[in-house]
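Q: Pasting a structure here, questions to come.
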Amino acid sequence: MILNNKVLIVPTILVANKAEVVVKLKQLQGVVKRVQLDIADGRFAPVKTVELQELQGEALLTTFELEAHLMVKEPIGWLSQCKQLGVKIAVGHIERMSSQQRFVEEARDLGMAAGLGLNLETDIEEVESGLLSTVKEIVLLANKPGYGGQSFDHQVLEKIERVRYLTGGVAEICVDIGINEQTAPLAVKAGANVLAVGSFLWQDNPKVQIDKLKEAINEI
């Protein structure tokens, strides 16, 4: 859902099994077009989510533009499964990649857009030279990966500004974790144009919650 033609709100799904994914997808039908599946292997992040192969064949997935947020070790090894599932955007964390360039190239070779994720403490200068202007999306975590319901660490705001400066607005800048009515405007003011929203969205009817975020952003 586009707000003011510049901000995209993307619901995140961080759950342990397929049944929970289906429940949430049903709630999102007709509300948004793009959905982020959070995939954690229990190694990069201390939680383990539903696995990609469990979701194969789920018809509901075909009604959305799927983004896979791969909080896993060596995310390049997960790209084939992403492709089979119909993922359009694959985001891998640079902290667990042997080669960022290879990840980006492999995703593209498989027909997907590539994104790079960074933990809160990871400096943006750790992204390999030249990639910031070529990937579709940079995902900046505002707290620790893998946990829902965490607070928004304001340290991420300076990083958002830095990424916006370095990319010149070419790549999407997504902020993930702690997005609500108070923090969404802060992230947008800093330069974010994608907001990945989990816990806040699922506190009530997703459309109601998205409308609350829309109103907060429109007041900027």
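Residue numbers 20 to 239, in my numbering, belong to the letters of the sequence shown in order.
All C-beta atoms in this analysis are idealised placements derived from N, C-alpha and C, irrespective of residue type, glycine included.
Keep in mind the model is a prediction, meaning the values are calculated, not measured.
Could you spell out where the beta strand (DSSP E) holding T31 opens and where it closes?
A: The sequence position of residue 31 within the sequence shown is 12, counting from 1. Element bounds for T31: V26 to I32.
Q: Ignoring anything shorter than 4 residues or poking outside the region 46-119, list the alpha helix (DSSP H) runs there in chain order.
A: 98-104
Q: Apply the 10 Å Cβ neighbour rule to N224 and answer buried if 16 or more other Cβ atoms are within range, or exposed otherwise.
A: Numbered from 1 along the sequence shown, position 205 holds the residue referred to as residue 224. Burial call: exposed.
Q: V175 and L139: beta carbons closer than 8 Å?
A: Position 156 of the sequence shown holds residue 175. Position 120 of the sequence shown holds residue 139. It is a contact, given that the beta carbons lie within the stated cut-off.
Q: If the criterion is Cβ atoms closer than 8 Å, does the pair V4 and L214 meet it?
A: Lying outside 20 to 239, the shown extent of the chain, residue 4 is not represented and no answer is given.
Q: Given a cut-off of 8 Å, decide if E77 and C37 are closer than it, judged by their beta-carbon atoms.
A: In the sequence shown, residue 37 corresponds to position 18, counting from 1. In the sequence shown, residue 77 corresponds to position 58, counting from 1. This sequence places Lys at residue 37; Cys is not what is there. For K37 and E77, yes; Cβs fall inside 8 Å.
Q: Just grab the DSSP bridge partners of E156 for me.
A: Numbered from its first residue, the sequence shown carries residue 156 at position 137. Answer is G134 and E191, bridged to E156.
Q: Might you give, ordered along the chain, the residues of its own chain that have their beta carbon closer than 8 Å to the beta carbon of Q222, omitting 5 neighbours on each side?
A: Looking up residue 222 in the sequence shown gives position 203. Listed in chain order, the non-local C-beta contacts of Q222 below 8 Å within the same chain comprise Q228, local neighbours out to five positions each way being set aside.
Q: What residue does the alpha helix (DSSP H) around L214 start on, and which one ends it?
A: Along the sequence shown, read from residue 1 onward, the residue named residue 214 stands at position 195. Note, L214: premise wrong, no alpha helix (DSSP H); beta strand (DSSP E) at V213 to V216.
Q: Which word fits T81, buried or exposed, when buried means at least 16 other C-beta atoms lie within 10 angstroms of its C-beta?
A: To locate residue 81, count along the sequence shown from 1; it is residue 62. Exposed is the call here.
Q: Restricting to Cα atoms, I'd like to know which of E144, E114 and E191 is closest to R62.
A: Within the sequence shown, numbered from 1, the residue matching residue 62 stands at position 43. Cα-wise, what sits closest to R62 is E114.
Q: Taking I32 as the reference, give the member of L135, E70 and E191 with the closest Cα.
A: Numbered from 1 along the sequence shown, position 13 holds the residue referred to as residue 32. Per the Cα distances, E70.
Q: Taking the continuous alpha helix (DSSP H) assigned at N237, which residues delimit it?
A: By one-based count along the sequence shown, residue 237 stands at place 218. It spans P225 to N237 - the alpha helix (DSSP H) in which N237 sits, taken as one unbroken run.
Q: For I58, collect the residues of the same chain with a Cβ closer than 8 Å to its Cβ; drop the 5 residues on either side in sequence, then sort them by chain order.
A: Taking the first residue of the sequence shown as position 1, residue 58 is located at position 39. Excluding residues within five positions, the ones whose Cβ falls inside 8 Å are T68, V69, E70, L71, A87, H88, L89, M90, V91 and W97.
Q: From the DSSP output, in three-state form, read off E140 for me.
A: For the purposes of this step, residue 140 is taken as the residue at position 121 of the sequence shown. Looking at E140 - three-state DSSP - the assignment turns out to be coil, as it is neither helix nor strand.
Q: Any contact of the region 100-110 with the region 201-210, i.e. 3+ C-beta pairs under 8 Å?
A: no
Q: Between T81 and the ligand NAP, is there a pair consisting of the residue's CB and a ligand heavy atom that are separated by less than 7 Å?
A: The ligand content of the structure shown is nil, which means the ligand NAP is not present either.
Q: Compare the C-alpha of V42 against each of E73, Q75, V29 and L79 and name the closest.
A: As a working mapping, residue 42 is identified with position 23 in the sequence shown. Nearest of E73, Q75, V29 and L79 to V42, Cα basis: L79.
Q: Is I179 helix, strand or coil when you go by DSSP?
A: Numbered from 1 along the sequence shown, position 160 holds the residue referred to as residue 179. Helix, per DSSP.
Q: Pull up the distance between the alpha-carbon of F219 and that of A64, whole angstroms please.
A: Sequence index remark: in the sequence shown, residue 219 carries index 200 (1-based). Sequence index remark: in the sequence shown, residue 64 carries index 45 (1-based). Those two C-alpha atoms are separated by around 21 Å.
Q: Identify, in the order they occur along the chain, each residue of the same chain with its Cβ nearer than 8 Å to the Cβ of F83, setting aside the five sequence neighbours on each side.
A: Indexing the sequence shown from 1 puts residue 83 at position 64. Within the same chain, Cβ atoms closer than 8 Å to the Cβ of F83 are found at L44, L47, V51, K52, R53 and V54, the five residues on either side in sequence being excluded.
Q: Where R181 and Q120 are concerned, what is the direct C-alpha to C-alpha distance, given to the nearest angstrom?
A: Here the question's residue 181 lines up with position 162 in the sequence shown. Here the question's residue 120 lines up with position 101 in the sequence shown. R181 and Q120: Cα-Cα distance of roughly 21 Å.
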